[in-house]
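*Asks:* My questions all concern the structure below.
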Amino acid sequence: MSVSHDAPRTASAPTDLGESYDPFRATKPAVLVHDAESDVFERAWEDRATRCPQCHRGTAKDRGASAFDHRRWVRFSCGDVIGLEQTAG
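Residue 13 in UniProt numbering sits at position 13 of the sequence shown, with consecutive numbering throughout.
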């Protein structure tokens with residue numbers, strides 16, 4: 001299965017985090033990005049009411065794409081961040 005690295009369809013990088021925020025490359029503080037299966041990720045990307053797949057408490061809050069490789073991510077109100085599961089080509 002290959003994963004597309006298309007740019008985000010409807011959402012831009014969240015303004016409260018700055019246009020260059022990239023959880024995949026963050027170092028201060030470092031961010032653990034949980035890999036999510038495509039159906040789980042797409043649900044969170046499209047619906048703000050989606051619950052965090054890690055703790056099931058937070059709801060989808062911020063969305064964006066890495067400036068480096070355009071990999072999309074979703075940050076939840078609990079602080080957890082998910083990205084699409086990466087597979088080898």
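The beta-carbon is built from N, C-alpha and C at its ideal position, and this holds for glycine as well.
Note that the structure is a prediction, hence the values are computed from the model and not measured.
Between Thr50 and Arg57, is the Cβ-Cβ spacing less than 8 Å?
*Replies:* Cβ distance not < 8 Å, so Thr50 and Arg57 don't count as in contact.
*Asks:* Starting from the C-beta of Thr10, find all residues in its chain whose C-beta is less than 7 Å away, skip the five residues before and the five after it, and write them out in chain order.
*Replies:* For Thr10, the predicted structure reports a pLDDT of 44, less than 50, and the residue's modelled location is therefore unreliable. A value from the coordinates is still provided. Nothing meets the Cβ criterion.
*Asks:* What runs of the beta strand (DSSP E), each 3 residues or longer, lie entirely inside the stretch 39-81?
*Replies:* Segments of the beta strand (DSSP E) lying fully in the stretch 39-81: 60-65 and 72-76.
*Asks:* Nearest-angstrom Cα distance between Ser38 and Arg48?
*Replies:* So the two alpha carbons sit approximately 16 Å from each other.
*Asks:* How about Phe24 and Val74: do their beta carbons lie closer than 8 Å?
*Replies:* Going by C-beta atoms, Phe24 is not nearer than 8 Å to Val74.
*Asks:* Under a three-way DSSP split, which group does Asp22 fall into?
*Replies:* Of the three classes helix, strand and coil, the one that applies to Asp22 here is coil, per DSSP.
*Asks:* Quick one: measure Cβ to Cβ for Pro53 and Ala26, integer angstroms, because I've assumed they're closer than 8 Å.
*Replies:* Wrong, their Cβ atoms sit about 20 Å apart, outside the cutoff.
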